[in-house]
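If you want the numbering used here, it's the 1-based position in the sequence shown plus 71.
Glycine included, every Cβ here is placed at the ideal spot set by N, Cα and C.
If you're wondering where the values come from, they're calculated on a predicted model, not measured in any experiment.
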Amino acid sequence: MAGVIGGRLAAIIHHHHHHNTPLYSSPLSQPTIKLPLTIHSRRTSTMSATATTPTTALNNLTVQPTGSSSGCWSEFAGNVSGEWDGFGADFTADGKPIELPENVVPNAYREWEVQVFDWQTQCPTLAQPDNSSAMYKLIRLLPTVGCEADAATRYSVEERVIGGEDNMVSSFAYQASGCYAAVWSKQKSASSKVLELEHCLIDPRDKESRVRVIQVVGVEGNKLVLKNIKVFAEQWYGPFRNGESLGGCAIRDTAFAKTQVLIGSEVSGVWQRSNSIAKFQDSSNILQELVAVDGIEKSTRDANSLVLLPKNLWSSVVEIDGEKTCYEVGWLLEPGCAITSKCVFSRNAELKEIIASSETAA
72 MAGVIGGRLA AIIHHHHHHN TPLYSSPLSQ PTIKLPLTIH SRRTSTMSAT ATTPTTALNN
132 LTVQPTGSSS GCWSEFAGNV SGEWDGFGAD FTADGKPIEL PENVVPNAYR EWEVQVFDWQ
192 TQCPTLAQPD NSSAMYKLIR LLPTVGCEAD AATRYSVEER VIGGEDNMVS SFAYQASGCY
252 AAVWSKQKSA SSKVLELEHC LIDPRDKESR VRVIQVVGVE GNKLVLKNIK VFAEQWYGPF
312 RNGESLGGCA IRDTAFAKTQ VLIGSEVSGV WQRSNSIAKF QDSSNILQEL VAVDGIEKST
372 RDANSLVLLP KNLWSSVVEI DGEKTCYEVG WLLEPGCAIT SKCVFSRNAE LKEIIASSET
432 AA
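Structure representation (structure tokens):
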């Protein structure tokens with residue numbers, strides 16, 4: 072019941088800017104209002120990321136030698152660049168949605184006993200096709216009541232830089248499609264740090280639709296522990312504008328944190344996959360192309376090892392032969408068809424490789 076009512080309220084108490092229509096649970100019954108879809112130019116081909124002005128951070132980027140293919144990077148840059156807007160939500164390590172802090176929720180929500188779980192978000196992204204560098208901003212918008220064009224207020228802005236003098240990423244693997252996986256490291260103390268394993272998966276049937284799942288992992292000595300999971304469901308709204316474009320209430324997606332989670336039996340059992348791999352162990356190249364390898368691999372996935380998430384997503388952590396640990400994120404695109412991304416660590420908590428796979432049920 073909460074999910075149905077939440078969906079109704081989400082249509083009425085909408086965010087402005089391309090994001091932030093949270094999903095709520097409330098005893099109130101509200102009429103359903105359908106909002107208009109955004110009218111935007113569809114992506115017909117790889118875009119030119121150089122047609123817009125980069126941010127200050129990008130102005131400082133320089134070329135770094137990498138093991139990447141310049142042709143593949145150029146195509147990746149075109150497909151990853153642009154205004155990616157949608158919703159984001161945080162989940163516990165076992166997949167329970169986390170409510171937004173009370174201090175960011177308008178009084179009207181509390182008066183209506185509405186719980187807010189989703190941020191409306193923007194992720195303006197710009198990759199330079201000719202020098203293997205990129206940046207993006209994660210912008211969270213405060214929940215608002217109403218759809219006024221001036222109502223959206225930024226709660227937080229986090230900028231991340233890949234490559235160049237201002238590089239912030241520990242490891243980054245990419246595909247021409249715009250999919251990537253990144254390892255971000257934050258030192259907490261002399262003996263502990265936090266890794267954010269960011270998996271960006273683009274729907275191969277619709278390159279304007281993507282998800283980003285971030286596994287937040289604590290590292291103490293050689294021990295890796297999953298702390299929580301962040302999920303972003305995003306759509307492409309146009310070329311890069313550094314987050315300045317306004318989407319009003321016409322966002323095409325909806326809040327998702329309290330919607331139906333994936334059914335484990337749909338992705339368990341024997342699957343076969345084709346892999347693309349980037350090897351980071353004993354390599355000084357932090358930016359690498361995910362290179363397809365020959366052959367089909369079979370594996371068995373146990374539903375009990377999965378953290379089931381909304382949007383047909385899952386997260387898992389699997390130890391392999393006591394020698395390595397695999398942090399996996401998957402997206403079930405349709406029955407029997409999925410794409411996955413994995414970060415594989417050694418028993419010393421060092422990244423060995425990143426693997427992107429296309430999978431089908433065997």
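Thinking just about the alpha-carbon of each residue, which of THR192, PRO214, GLY235 is nearest to the one in VAL228?
Counted from its first residue, the sequence shown places residue 228 at position 157. Checked all of THR192, PRO214, GLY235; the closest Cα to VAL228 is THR192.
ASN178 - containing alpha helix (DSSP H), residue span
Residue 178 sits at position 107 when you count from the first residue of the sequence shown. That run of the alpha helix (DSSP H) goes 178–182.
Following the continuous beta strand (DSSP E) through PHE162, name the residue where it begins and the one where it ends.
Here residue 162 corresponds to residue number 91 of the sequence shown, with the count starting at 1. Start and end: 153–163.
Could you check if ASN174 is buried or exposed, using at least 16 other CB atoms within 10 Å of its CB as the buried criterion?
Within the sequence shown, numbered from 1, the residue matching residue 174 stands at position 103. Exposed, because fewer than 16 other Cβ atoms sit within 10 Å of the Cβ of ASN174.
8 angstroms Cβ cutoff met for GLN352 and SER417:
As a first step, residue 352 is located in the sequence shown; it is residue number 281 there, counting from the start. As a first step, residue 417 is located in the sequence shown; it is residue number 346 there, counting from the start. Yes; because the gap between Cβ atoms is below 8 angstroms, this pair is in contact.
Kindly provide the ranges of any beta strand (DSSP E) runs that are 3 or more residues long and lie completely inside the region 334–386, ordered along the chain.
340–350, 358–360, 368–372, 377–380
Under DSSP, the beta strand (DSSP E) around GLU315 begins and ends at which residues?
The residue given as residue 315 occupies position 244 in the sequence shown. Taken as a continuous stretch (DSSP letters only), GLU315 belongs to no beta strand (DSSP E), as it is neither H nor E.
Which residues in the same chain have their Cβ closer than 6 angstroms to the Cβ of ALA432, if we skip the five residues on either side of it in sequence?
Taking the sequence shown and counting its residues from 1, the one referred to as residue 432 is at position 361. Here the set comprises TRP342, GLY407.
In its own chain, which residues sit with a C-beta less than 8 angstroms from the C-beta of THR224, not counting the 5 before and 5 after it?
Counting from one through the sequence shown, the residue named residue 224 turns up at place 153. Once the five neighbours on either side are set aside, the close Cβ partners of THR224 are LEU212, LEU213, THR215.
Within the continuous beta strand (DSSP E) that includes TYR308, where are the two ends?
For the purposes of this step, residue 308 is taken as residue 237 along the sequence shown, with counting starting at 1. Per DSSP, TYR308 belongs to no beta strand (DSSP E) and is neither H nor E.
Compare the C-alpha of GLN331 against each of ARG312, HIS270, GLU154, TRP385 and name the closest.
Residue mapping note: residue 331 aligns to position 260 of the sequence shown, counting from 1. Nearest option by C-alpha distance: TRP385.
Classify ALA299 as helix, strand or coil using the three-state DSSP reduction.
Within the sequence shown, the letter at position 228 stands for residue 299. The sequence shown places Asn at residue 299, rather than the Ala named in the question. Strand.
Using CA coordinates, which residue listed in LEU380, GLU291, ALA164 is at the minimum distance from ASN23?
Past the boundaries of the shown model lies residue 23; the chain is included only from 72 to 433, so the question cannot be answered.
For a quick check, are the C-beta atoms of GLY335 and LEU379 less than 8 angstroms apart?
Numbered from 1 along the sequence shown, position 264 holds the residue referred to as residue 335. Numbered from 1 along the sequence shown, position 308 holds the residue referred to as residue 379. Yes, the pair counts as a contact, with Cβ atoms nearer than the cut-off.
Same chain only: Cβ atoms within 8 angstroms of LYS278, ignoring 5 sequence neighbours per side:
Against the sequence shown, residue 278 aligns to sequence position 207. Around LYS278: ARG114, ASN150, SER248, GLY249, TRP307.
I need the boundaries of the beta strand (DSSP E) containing PRO195, first residue and last residue.
Taking the sequence shown and counting its residues from 1, the one referred to as residue 195 is at position 124. Per DSSP, PRO195 belongs to the beta strand (DSSP E) from 190–199.
When the distance is taken between beta carbons, is CYS194 closer than 8 angstroms to TRP255?
Here residue 255 corresponds to residue number 184 of the sequence shown, with the count starting at 1. Here residue 194 corresponds to residue number 123 of the sequence shown, with the count starting at 1. For TRP255 and CYS194, no; Cβs fall outside 8 angstroms.
Going by C-alpha distance, which of SER387, GLU421, LEU197 is nearest GLU394?
Taking the sequence shown and counting its residues from 1, the one referred to as residue 394 is at position 323. Nearest option by C-alpha distance: GLU421.
What are the start and end residues of the beta strand (DSSP E) that includes LEU209?
Along the sequence shown, read from residue 1 onward, the residue named residue 209 stands at position 138. Counting along the chain, the beta strand (DSSP E) containing LEU209 begins and ends at 204–212.
Whole angstroms is fine: what's the gap from THR92's alpha carbon to THR325's?
Within the sequence shown, numbered from 1, the residue matching residue 92 stands at position 21. Within the sequence shown, numbered from 1, the residue matching residue 325 stands at position 254. Confidence at THR92 is low in this model, with a pLDDT of 36, below 50, so the placement of that residue should be treated as unreliable; the coordinate-derived value is given next. Rounded to the nearest angstrom, the two C-alpha atoms are 6 angstroms apart.
For the region 265–272 against the region 396–403, do three or more pairs of beta-carbon atoms, one drawn from each stretch, fall closer than 8 angstroms, so that the two count as touching?
yes
Quick one: what's ARG225 bridged to in DSSP?
For the purposes of this step, residue 225 is taken as residue 154 along the sequence shown, with counting starting at 1. Its beta-bridge partners are LEU212.
Endpoints, the beta strand (DSSP E) within which GLU394 is located:
Here the question's residue 394 lines up with position 323 in the sequence shown. Unbroken run through GLU394: none, as it is neither H nor E.
With distance defined between alpha-carbon atoms, name the residue in ALA252, LYS382, MET206, GLU170 nearest to GLN44.
The structure shown does not extend to residue 44, since the chain is modelled only from 72 to 433, so the question has no answer here.
Just reading off the beta strand (DSSP E) that THR431 is part of, what are its end residues?
Translated into the one-based positions of the sequence shown, residue 431 becomes position 360. Here the beta strand (DSSP E) through THR431 covers 422–432.
Which one of ILE169, PRO168, VAL187 has the shortest CA to CA distance from PRO177?
Here residue 177 corresponds to residue number 106 of the sequence shown, with the count starting at 1. The shortest C-alpha separation from PRO177 is found at VAL187.
Reducing DSSP to helix, strand and coil, say where GLY289 ends up.
Within the sequence shown, the letter at position 218 stands for residue 289. The answer is strand: DSSP assigns GLY289 an E or B state.
Measuring CB to CB, does GLY234 end up less than 8 angstroms from ALA205?
Along the sequence shown, read from residue 1 onward, the residue named residue 234 stands at position 163. Along the sequence shown, read from residue 1 onward, the residue named residue 205 stands at position 134. Taking 8 angstroms as the Cβ cut-off, GLY234 and ALA205 qualify as a contacting pair.
Decide if ASN375 is buried, meaning its Cβ has at least 16 other Cβ atoms within 10 Å, or exposed.
Taking the sequence shown and counting its residues from 1, the one referred to as residue 375 is at position 304. It counts as exposed.
Expected contact under 8 angstroms - CB spacing of LEU268 and TYR180 to nearest Å
For the purposes of this step, residue 268 is taken as residue 197 along the sequence shown, with counting starting at 1. For the purposes of this step, residue 180 is taken as residue 109 along the sequence shown, with counting starting at 1. Not a contact, Cβ separation roughly 32 angstroms.
Kindly indicate which three-state DSSP category VAL175 falls into: helix, strand or coil?
Translated into positions along the sequence shown, residue 175 becomes position 104. VAL175: helix per DSSP, three-state reduction.
Can you look up GLY249 in the DSSP assignment and give me helix, strand or coil?
As a position in the sequence shown, residue 249 is number 178, starting the count at 1. Looking at GLY249 - three-state DSSP - the assignment turns out to be coil, as it is neither helix nor strand.
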